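Engineer: Pasting a structure here, questions to come.
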Amino acid sequence: MHIQESGEMYLETILRLSMKNPNVRSVDVADELGYSKPSVSRAVGLLKNGGYLNMDSAGYLTLTETGRALAEKIYERHRVLTAMLIHLGVGEEQAAEDACKMEHVISDETFAAIKAHIAKDEA
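Oh and the sequence shown: position 31 is 31 in the working numbering, straight run, nothing missing.
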């Protein structure tokens with residue numbers, strides 16, 4: 001199943017929230033993203049059905065192995081692209097905003113090339 005950009009955003013958000021507090025609920029995701037609770041509830045249902053997410057009887061969300069792998073991939077892209085843009089002179093807030101858009105559409109090949117270039121510069 002191919003996941004849409006919005007699904008990737010939800011997974012990344014759940015990952016980031018779970019780094020601060022292991023008990024993540026739909027309401028936390030709604031608050032973090034500024035989305036309505038019904039929108040988050042619908043997305044959570046789709047992600048559960050897709051095998052990316054589990055929800056226990058108390059409503060706590062946990063990423064499946066597949067969901068965690070995808071969330072970590074997107075989050076790594078976000079961090080690397082944000083850092084690259086800041087290094088290029090873009091302001092921190094704008095860099096994070098632009099990275100958020102780029103992280104979902106950039107190919108694996110291009111991202112690997114960017115990482116390799118950055119690693120070469122740091123060496």
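A virtual CB, placed ideally from N, CA and C, is assigned to each residue, including glycine. Everything numeric in this text was worked out from a predicted model, so none of it was measured.
Can you list the beta strand (DSSP E) stretches of 3 or more residues lying completely in the segment 42–117, in chain order?
Structural biologist: With a minimum length of 3 residues, the continuous beta strand (DSSP E) runs that stay inside the segment 42–117 are 53–55, 60–63.
Engineer: Excluding the five sequence neighbours on either side, which residues of its own chain have a C-beta within less than 7 Å of the C-beta of Ala69, listed in chain order?
Structural biologist: Hits under 7 Å: none found.
Engineer: Assuming the contact rule is C-beta atoms closer than 8 Å, Leu61 and Ser39 should be a hit. Round their C-beta distance to whole Å, please.
Structural biologist: Not really, about 15 Å apart at Cβ, beyond 8 Å.
Engineer: Determine contact between the segment 93–111 and the segment 32–52, defined as no fewer than three beta-carbon pairs at a distance below 8 Å.
Structural biologist: At 8 Å Cβ cutoff, the stretches do not touch.
Engineer: Quick check on Leu53: buried or exposed, where buried means 16 or more other Cβ atoms within 10 Å of its Cβ?
Structural biologist: Leu53 is buried by the Cβ-count criterion.
Engineer: Can you tell me whether Asp34 is buried or exposed? The criterion is at least 16 other CB atoms within 10 Å of its CB, across all chains shown.
Structural biologist: In the sequence as presented, Asp is not what sits at residue 34; that position holds Gly. Exposed.
Engineer: Leaving out five residues before and five after Met1 in sequence, what residues of the same chain have Cβ atoms less than 6 Å from its Cβ?
Structural biologist: Model confidence at Met1 stands at a pLDDT of 46, short of 50, so the residue's coordinates are unreliable and nothing is read from them.
Engineer: Given this structure, state the Cα-to-Cα distance separating Gln4 from Val105, to the nearest angstrom.
Structural biologist: In a straight line, the C-alpha of Gln4 is about 10 Å away from that of Val105.
Engineer: State the Cα-Cα distance for the pair Glu109 and Ile86, rounded to the nearest angstrom.
Structural biologist: Using only the alpha carbons, I get a separation of about 22 Å.
Engineer: With which residues is Arg25 paired in a DSSP beta bridge?
Structural biologist: Note: Arg25 sits in a beta bridge opposite Tyr60.
Engineer: Sort Ala83, Ile74, Glu122 by Cα distance to Tyr10 and report the nearest one.
Structural biologist: Ranking the options by Cα distance to Tyr10, first place goes to Ile74.
Engineer: Within its chain, find whatever has a CB closer than 7 Å to the CB of Met55; leave out the 5 residues flanking it on each side and keep chain order.
Structural biologist: Counting only Cβ-Cβ distances below 7 Å, and skipping sequence neighbours, we find Val44, Lys48, Leu61.
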